[in-house]
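Heads up: the sequence shown begins at 15 in the numbering used here, then just goes up one per residue. In this text, a Cβ means the ideal position worked out from N, Cα and C, and glycines have one as well. Each remark here refers to the structure printed beneath this line.
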Amino acid sequence: MRQIAKLILIVTLVVFPQSFQAAPTPEPNIGVNGYFASDKAQRGRIIQAAVVMEIPSGYHVNANRPLNKYSIPTALKIDASGGVRVGPVMYPHAIVRKLKATNNEPLAVYEGRAILRFNVTVPARRSLFSA
Numbered sequence: 015m016r017q018i019a020k021l022i023l024i025v026t027l028v029v030f031p032q033s034f035q036a037a038p039t040p041e042p043n044i045g046v047n048g049y050f051a052s053d054k055a056q057r058g059r060i061i062q063a064a065v066v067m068e069i070p071s072g073y074h075v076n077a078n079r080p081l082n083k084y085s086i087p088t089a090l091k092i093d094a095s096g097g098v099r100v101g102p103v104m105y106p107h108a109i110v111r112k113l114k115a116t117n118n119e120p121l122a123v124y125e126g127r128a129i130l131r132f133n134v135t136v137p138a139r140r141s142l143f144s145a
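What follows is the structure, encoded as structure tokens:
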């Protein structure tokens with residue numbers, strides 16, 4: 015009788031494998047938007063800028079300075095052209111969390127709204143209408 019039960023279980027798993035798999039977890043919809051402190055950039059002046067990440071509740075993004083070598087750090091890379099200078103990115107302070115998925119090892123993460131700030135300088139001699 016046990017052998018028949020095992021055979022039925024094996025056949026069921028082979029014939030209907032989709033029924034026994036976990037439902038895929040949807041990817042979080044993290045909002046990413048860029049902002050300038052002013053609507054107008056003046057030549058030769060610094061303008062403050064920011065990239066804002068809106069991280070849904072229940073999710074996190076690794077911080078820029080992870081606490082372990084296995085975490086991939088968040089990094090913002092800005093390609094500027096035409097002599098425009100971009101200053102270093104200032105990352106927000108991380109939240110330290112201990113998660114079951116990492117055996118309660120502390121992780122440095124961002125949650126909720128994370129604002130990455132930097133300065134942009136347009137060269138004094140740059141035409142604001144050139145490509």
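Residue 136, buried or exposed, once every other Cβ within 10 Å from all chains shown has been counted against 16:
Buried, since its Cβ has 16 or more Cβ neighbours within 10 Å.
Could you give the uninterrupted runs of the alpha helix (DSSP H) lying entirely in the segment 34 to 83, keeping only those of 4 residues or more?
Segments of the alpha helix (DSSP H) lying fully in the segment 34 to 83: there are none.
Look at the alpha carbon of residue 21 and the alpha carbon of residue 128, and state the distance between them as a whole number of angstroms.
At residue 21 the pLDDT is 47, less than 50, meaning the model places this residue with poor confidence and gives no usable figure here.
With a threshold of 6 Å on Cβ separation, who are the neighbours of residue 66 within its own chain once the five nearest residues in sequence on each side are excluded?
Around residue 66: 47 and 129.
So residue 69 packs on residue 125, CB below 8 Å; how close in whole Å?
Cβ atoms of residue 69 and residue 125 come within 8 Å of each other, at about 6 Å.
Return the chain-ordered list of same chain residues with a C-beta closer than 6 Å to the C-beta of residue 94, the five sequence neighbours on each side being excluded.
100, listed in sequence order.
Let me check understanding here. Comparing Cα to Cα, which of 78, 61, 90 and 54 lies closest to residue 121?
The candidate whose alpha carbon is nearest that of residue 121 is 78.
Bridge partners - residue 110, DSSP secondary structure assignment
Bridge pairing for residue 110: 122 [DSSP].
Pop quiz: residue 98 and residue 111 are said to be a contact at Cβ under 8 Å. What is the actual Cβ separation, rounded to whole angstroms?
About 37 Å; that fails the 8 Å criterion.
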